[in-house]
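Have a look at the structure below, then the notes.
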Amino acid sequence: MSARIPWVEKYRPKRIADVAGNDKAKKAFIAWLNSWVRGRPSKKAALLYGPPGTGKTSIAHAAAIEYNLDLVEANASDVRTSQALRTKIFRAASEQSLFGKRGRLILLDEIDGISPREDRGGLEVVKELINISRHPVVLTANNPWDPRLRSLRELCEMIEFRKLGKRDITRVLKNICEKEGIECPYEVLDYIARRAKGDLRAAINDLQSIAEGKTRVTLHDLEILGYRAEQADMFTIVRYILTARTPLQARGVLSYPSLDYEMLIQWLNENIPYQYSPSLVAIADAYDALSRADVFLGRMKRRQQWSLLTYVLDLITVGVASAREKPPFKFVKYSFPQKLRILAATKYKREAAQRVLKQIAKNTHMSTRKVRLELLPFLKIINESNPEMMRKILKSLDISKKSFEAILS
Amino acid sequence: MLMGIELWTEKYRPRTLDEIVNQEEIVSRLKEFVKEKNVPHLLFVGPPGTGKTTAALCLAHDLYGEHWRDNTLELNASDERGIDVIRTRIKDYARTIPLGEVPFKLIILDEADNMTSDAQQALRRTMELFSRSTRFILIANYASKIIEPIQSRCAVFRFQPLPKEAAKDRLRYIAQNEGVKVTEEALEAIWVESEGDLRKAINILQAAAALRKEVTEEVVYEVLGKISPKEVREIIKLAIAGKFLEARDRLRSYMYSYGLSGVDVLKMMHKELLSSKLDLNIDEYTRAELLDLIGEINFRLVEGSDDEIQLNALLAKFALIGSKSRRTA
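Heads up: the sequence lines are chains A and B, in that order. In terms of the working numbering, the first sequence opens at residue 27 and continues consecutively. In terms of the working numbering, the second sequence opens at residue -14 and continues consecutively.
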């Protein structure tokens, strides 16, 4: 096996424009560099600051390539501790480039790694470097607002880098997958991007650790990352199943360890027709699988045969996704299961109606179900056409007109 | 009754065994039990509206006289939540000794055939446990749905629908008492449409009397038109026309606003499919296919599956079959 090249290095942008997101910072950085090219820098150094993995180091690398500069790179704290490095950096910074020779870009990473409290000397070294440098100096920091860094800040063009959006991150990840020839479902990229919380470096590292050397990645692979379904949202799961490219791919959702499959069944029941309309074949096939899953679920629970669960899970994923004549992919808005909404919204009304029905049932020696089915239709007719007769009936049953009419609506 | 219930089915329900007409054989045997002050466990079976519950209540009345309510526990298997609840209620009830000179109390368990066979097994043990202090009257539509061990412990009484003339006599008597005019054709129509169910017949009569002072054949059909489930017919039509989403939404609002179970809806669908009023423009083979599907879904529901999911699957199949049938037509 050849040595693993970190993808973070392998896919570092070659041009400033390729650095993901942070358009405002990129513009400011280019303006500052151009002021060096014109020979009159507003500030000799730029301090790029912001959370990790937002492109601070990458933009320096890209600038070196794009402006044809030799990159002289060091970690700020090393400059202070290693005399050899210090000498090298100082020489690189102070030497005037000779005609025909390339210019240089000095990069000092993690400037806030120098503890201004413990070691003022370290900061003095950096300030001295900026003062003597004949080349652009780029500093990076996560948090530049320590009061002791104030004098340093005054020497620098301050450029802020912000956390990357999920979309910027997934775009980069998708690009890498394409170049590596890896098939990776959107849900995986989406999960990695969300988990990274704006840190592209972390996202790329995550992707590399689950995807390197594979031709296909599934949600299963996310387990390596300690993938816990933090109650993965149902919209995503339903979409994953209903728009799976292959039925087996739909099975990917099963890797959510806390998947609420009974809830999922309700969600599929609600949303199958939205995704599969107008194909009646696809709708019928998908419902067929779903209804058989429901049958298995019932048997499993009644007989306590938990081993049947696997068939339930297969049917609601592979089974549903195997529907024939599925329409081409379209983005549809899914809806929360109306059944659950209606049941919750009408709970008190239904309970009140049940009490009235019980009262009638007791007086007529029938079950509430029979009252509803066999007596209520007649009572409705009487109620509409003969208020006087109805009044007498209700009075004899000891039921108020109001509560009776509640069961009719 | 302590208070007169103004529903004619209750108002004209016989109070004593003597008031029951046209079930002579059953009545005379029940009277024997009263005379002996000894009753075996009883199983009353027969179609709806043939007097099973009435006979049980009259027997209780004749056995205990004015104290009959204190000595009778009425339970309906469809309304009690499971066999455990039924057992507890029976246990609590059987603990106290009966009032009066009859040495046991009565437990009337209606719609017993709605119990699963497991629940019936548990019921059998309960019957044995309390047989010294209680007697059971089980009521069911079908004897075949009651497990053998229970049947063999009971004296089985089979109830038949009232003969046509007896039923019409009863309706005529009620109408006369209520000061309502009924034509002979109206009575004939009620008899045909109620299919031997006297409760339904009386309900039709009362609703018709609520509509018009004089009950004619037309009024009877007006009532029948109002109670027929048009909604279900519409739902089937929408599904067959391939409008699945509309059919699904209509079904949902119908079920929830009327509090119907999936089985209720299936039974209505089954009836509709066999009704001549439903014009679906499908061939006979397709109709048979639809009926077969209803049977399958009904089985799944009684097995305990989810009403909405199963009915949606059914409507989706209807929609598919409907579209195929149109294509070949």
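In this text, a Cβ means the ideal position worked out from N, Cα and C, and glycines have one as well.
If you measure from the beta carbon of B:L278 to each beta carbon in chain A, is any gap under 8 angstroms?
It does not; no Cβ of chain A falls within 8 angstroms.
How about the region 285 to 293 of chain A and the region 262 to 282 of chain B: do they share at least three Cβ pairs that are nearer than 8 angstroms?
The region 285 to 293 of chain A is not in contact with the region 262 to 282 of chain B.
Using a Cβ-Cβ cutoff of 7 angstroms, what residues of the region 308 to 332 of chain A are near chain B? List them in chain order.
Listed by position along the chain: I309, A310, Y313, D314, L316, S317, D320, V321, G324, R328.
Please state whether DSSP places B:E199 in a helix, a strand or coil.
If DSSP states are grouped into helix, strand and coil, B:E199 belongs with the strands.
Does any CB atom of chain A fall closer than 8 angstroms to the CB of B:L147?
Taking Cβ atoms only, chain A never reaches closer than 8 angstroms to B:L147, which makes this a no.
Any beta carbon of chain B sitting closer than 8 angstroms to that of A:A90?
Taking Cβ atoms only, chain B never reaches closer than 8 angstroms to A:A90, which makes this a no.
Where does A:T156 sit, in a helix, a strand or coil, going by DSSP?
It is worth fixing the name first, because residue 156 of chain A is Ile in this sequence and not Thr. Helix at A:I156.
Please confirm if the region 25 to 34 of chain B is in contact with the region 138 to 152 of chain B, defined as three or more CB-CB distances below 8 angstroms between the two stretches.
They touch, by the three-pair rule.
Take B:S310 and list the residues in its own chain whose beta-carbon comes closer than 6 angstroms to its own, dropping the five residues that flank it on each side.
Cβ neighbours of B:S310 beyond the five flanking positions: I267, T271.
Could you tell me which residues DSSP pairs with A:C182 in its beta bridges?
Paired residues: A:A71.
Compute the Euclidean distance between the alpha carbons of A:E206 and A:T262, then round it to the nearest angstrom.
Each residue's alpha carbon lies about 26 angstroms from the other.
How big is the Cα-Cα spacing for B:P134 and B:E288?
Taking the straight line joining both Cα atoms gives about 23 angstroms.
How far does the alpha helix (DSSP H) with A:A276 in it extend, from its first residue to its last?
Unbroken alpha helix (DSSP H) run through A:A276: 273 to 276.
Output the distance between the C-alpha atoms of B:V87 and B:W53, rounded to the nearest integer angstrom.
Computed Cα separation, rounded: 11 angstroms.
Between the region -2 to 12 of chain B and chain A, which residues of the former have CB atoms less than 7 angstroms from a CB of the latter, in chain order?
Cβ contacts with chain A come from no residue of the region -2 to 12 of chain B.
Who does B:T119 pair with in a DSSP beta bridge?
B:K90.
Within the same chain, show all residues whose beta-carbon is closer than 8 angstroms to that of A:R325, passing over the 5 residues directly before and after it, in chain order.
These residues qualify, in order along the chain: Q331, L334.
Does the beta carbon of A:H391 come closer than 8 angstroms to any beta carbon on chain B?
Answer yes: the Cβ-Cβ gap between A:H391 and chain B drops below 8 angstroms somewhere.
If you measure between the beta carbons of B:A188 and B:T57, is that distance less than 8 angstroms?
According to the sequence displayed, residue 188 of chain B carries Asn and not Ala. It is not a contact, given that the beta carbons lie outside the stated cut-off.
So the alpha helix (DSSP H) A:N295 belongs to, where does it begin and stop?
That run of the alpha helix (DSSP H) goes 287 to 302.
Where does the unbroken beta strand (DSSP E) through B:L60 begin, and where does it stop?
First-last of the beta strand (DSSP E) with B:L60: 57 to 61.
My parser needs the alpha helix (DSSP H) runs of 4 or more residues fully inside the region 104 to 159 of chain B; what are they?
Counting only runs of 4 or more, we get 133 to 138.
Take A:L369 as the anchor and find which of B:S238, B:L42, B:E(-9), B:K252 has the nearest alpha-carbon.
Selected option, being the one with the closest Cα: B:S238.
To which residues of the same chain is A:R318 closer than 6 angstroms at the C-beta, ignoring the five residues directly before and after it?
If we look at A:R318 and ignore the five residues flanking it on each side, its Cβ neighbours are L341.
Does chain B have any CB closer than 8 angstroms to the CB of A:F404?
Closer than 8 angstroms: yes.
Counting only beta-carbon atoms, is B:I(-10) nearer than 8 angstroms to chain A?
Chain A, which has a Cβ nearer than 8 angstroms to the Cβ of B:I(-10), makes this yes.
How is the beta strand (DSSP E) around A:T480 delimited, first residue to last?
Nothing about residue 480 of chain A can be reported from this structure: the residues present for chain A run from 27 to 435 only.
Decide if the region 196 to 211 of chain B is in contact with the region 59 to 68 of chain B; the criterion is three or more beta carbon pairs, one per stretch, under 8 angstroms apart.
Contact between the region 196 to 211 of chain B and the region 59 to 68 of chain B is absent, because fewer than three Cβ pairs lie under 8 angstroms.
Would you list, in chain order, the members of the region 202 to 233 of chain B that have their beta-carbon closer than 8 angstroms to a beta-carbon of chain A?
From the region 202 to 233 of chain B, only V208, K211, I212, G227, F229, L230, R233 have a Cβ closer than 8 angstroms to chain A.
Name the chain A residues whose beta carbon is nearer than 7 angstroms to that of B:E96?
Simply S393.
Assuming B:M221 contacts B:E257 (C-beta within less than 8 angstroms), just tell me the rounded distance between them.
Rather than Met, the amino acid found at residue 221 of chain B in this sequence is Ile. Right, the Cβ-Cβ distance comes to about 6 angstroms (below 8 angstroms), so this counts as a contact.
Cutting at 6 angstroms between CB atoms, please list the residues of its own chain near A:Q257, excluding the five before and the five after it.
Caution is warranted here: a pLDDT of 41 is assigned to A:Q257, below 50, making its placement in the model unreliable, and the coordinate value is therefore given only provisionally. Excluding sequence neighbours, A:Q257 sits near nothing in its chain.
Please report the distance separating the alpha-carbon of A:G278 from that of A:I298.
Going from the Cα of A:G278 to the Cα of A:I298 covers about 18 angstroms.
Please confirm if the region 67 to 77 of chain A is in contact with the region 45 to 59 of chain A, defined as three or more CB-CB distances below 8 angstroms between the two stretches.
These segments touch.
Enumerate in chain order the residues of its own chain whose CB-to-CB distance from A:G79 is below 7 angstroms, with the five nearest sequence positions on each side excluded.
Cβ within range, chain order: D225, L226, R227, A228.
Which residue marks the beginning of the beta strand (DSSP E) containing B:L28, and which one marks its end?
Its beta strand (DSSP E) spans residues 27 to 30.
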